[in-house]
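Going line by line, the protein sequences match chains U and L. For what it's worth, the working numbering labels the leading residue of the first sequence as 12, then goes sequentially. For what it's worth, the working numbering labels the leading residue of the second sequence as 10, then goes sequentially. Have a look at the structure below, then the notes.
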Amino acid sequence: GAVVSQHPSRVICKSGTSVKIECRSLDFQATTMFWYRQFPKQSLMLMATSNEGSKATYEQGVEKDKFLINHASLTLSTLTVTSAHPEDSSFYICSARDPDGINYGYTFGSGTRLTVV
Amino acid sequence: AQSVTQPDIHITVSEGASLELRCNYSYGATPYLFWYVQSPGQGLQLLLKYFSGDTLVQGIKGFEAEFKRSQSSFNLRKPSVHWSDAAEYFCAAAQGQAGTALIFGKGTTLSVSS
């Protein structure tokens, strides 16, 4: 089945630094990928929709200059948290809708636990 | 606006008892519907999904869900709960067009008592 690989699984960074999270579709081409954020004991909130070769579409309230999304190929999307602060500490999950999306639905990465100290 | 509602924040069920988790959606047309389970600190696991056809959908781990258009609901059920079912359960929906994101409900925490 469709697999999405997300790295790193955990990262700790100092306040003010930037962190890059990668999301790769391993056995299919993902025209569209989605990025979610999940705070402890809360639901997944959609941050942005990433389309290959074009600018990402951000949800209301998400700072596009802080959360940089690049989808340069059909198998890779990256999320860079710039000038991270402790309030950015969260669980970030990517998702891709595989090419036979009607039948196979959405595939999720395993998530990245970001801790900003 | 499109939304998914899970009315129950936390449910406790005795081991061996039956379970029903509620989910309602608000969409212009019937969306694709999903149930996911998440254990603490883990990613999401798909339990089942509904696109069209038979309104009773069978999933993994003995779960099933029933789509009811008249009630805009997609409730998850299991006849006999096991202690290992304790986790967070999310209902999600997406419009049918390619490229639309899943929208999640707030989740229901399931606790299983012995």
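Don't be surprised by glycine CBs; every beta carbon is placed ideally from N, CA and C.
Going by C-alpha to C-alpha distance, which of the options sits closest to residue i?
i: L:S93; options: L:V13, L:V22 and L:D17; result: L:V22
i: U:R124; options: U:Y117, U:S101 and U:D109; result: U:S101
i: U:L57; options: L:L111, L:S82, L:P49 and L:F72; result: L:L111
i: L:F76; options: L:Y45, L:Q47 and L:R86; result: L:R86
i: U:H82; options: U:T43, U:V127, U:I23 and U:Q49; result: U:T43
i: U:V73; options: U:V92, U:N62 and U:S84; result: U:V92
i: U:K31; options: U:G116, U:A41, U:F119 and U:L87; result: U:L87
i: U:H96; options: U:C24, U:G122 and U:N62; result: U:C24
i: L:E29; options: L:R78, L:S35, L:Q15 and L:P40; result: L:Q15
i: L:N84; options: L:K58, L:S122, L:Q54 and L:G25; result: L:K58
i: L:L56; options: L:G62, L:W44 and L:D63; result: L:W44
i: L:Y34; options: L:K115, L:A102, L:S122 and L:V121; result: L:A102
For residue i, return the contacting residues in chain U, with the cut-off set at a CB-CB distance below 7 Å.
i: L:A110; result: F45, L57 and T60
i: L:G116; result: S54
i: L:K58; result: G116
For residue i, which of helix, strand or coil comes out of DSSP?
i: L:R78; result: helix
i: L:I69; result: helix
i: L:E29; result: strand
i: U:E33; result: strand
i: U:E98; result: helix
i: L:S93; result: helix
i: L:V22; result: strand
i: U:V92; result: strand
i: U:S16; result: strand
i: U:V128; result: coil
i: U:A59; result: strand
i: U:V22; result: strand
i: U:T86; result: coil
i: L:Q54; result: strand
i: L:L119; result: strand
i: U:A107; result: strand
Less than 9 Å between CB atoms is the rule here; does residue i satisfy it with respect to chain L?
i: U:T106; result: As written in the sequence, residue 106 of chain U is Ser, which differs from the Thr given in the question. Yes, U:S106 lies at the interface with chain L (some Cβ there is under 9 Å from its Cβ).
i: U:Q53; result: yes
i: U:F119; result: yes
i: U:T48; result: Here residue 48 of chain U is Arg; the residue named in the question, Thr, does not match the sequence. U:R48 does not count as touching chain L.
i: U:G116; result: yes
i: U:R35; result: no
What residues from chain L crowd round residue i, counting only those whose CB sits closer than 8 Å?
i: U:Y103; result: Chain L residues near U:Y103: none, gap ~11 Å exceeds 8 Å.
9 Å is my cut-off, CB to CB: does residue i come that close to chain U?
i: L:F113; result: yes
i: L:G25; result: no
i: L:L65; result: no
i: L:A103; result: yes
i: L:F76; result: no
i: L:L55; result: yes
Which bits of chain U does residue i rub up against, with CB to CB less than 9 Å?
i: L:G68; result: Chain U residues near L:G68: none, gap ~12 Å exceeds 9 Å.
Please compile the residues from chain L whose C-beta is within a distance smaller than 7 Å of the C-beta of residue i.
i: U:G64; result: Residues of chain L passing the Cβ test: none, with the nearest at roughly 13 Å.
i: U:G122; result: G52
Between residue i and the ligand MG, is the CB less than 8 Å from at least one heavy atom?
i: L:A74; result: With respect to the ligand MG, the structure offers nothing, as it holds no ligand at all.
Along chain U, which residues have their Cβ under 8 Å away from the Cβ of residue i?
i: L:L99; result: For clarity, residue 99 of chain L is Phe in the given sequence; the question names Leu instead. Per Cβ cutoff of 8 Å: S54 and L55.
i: L:F43; result: G116 and Y117
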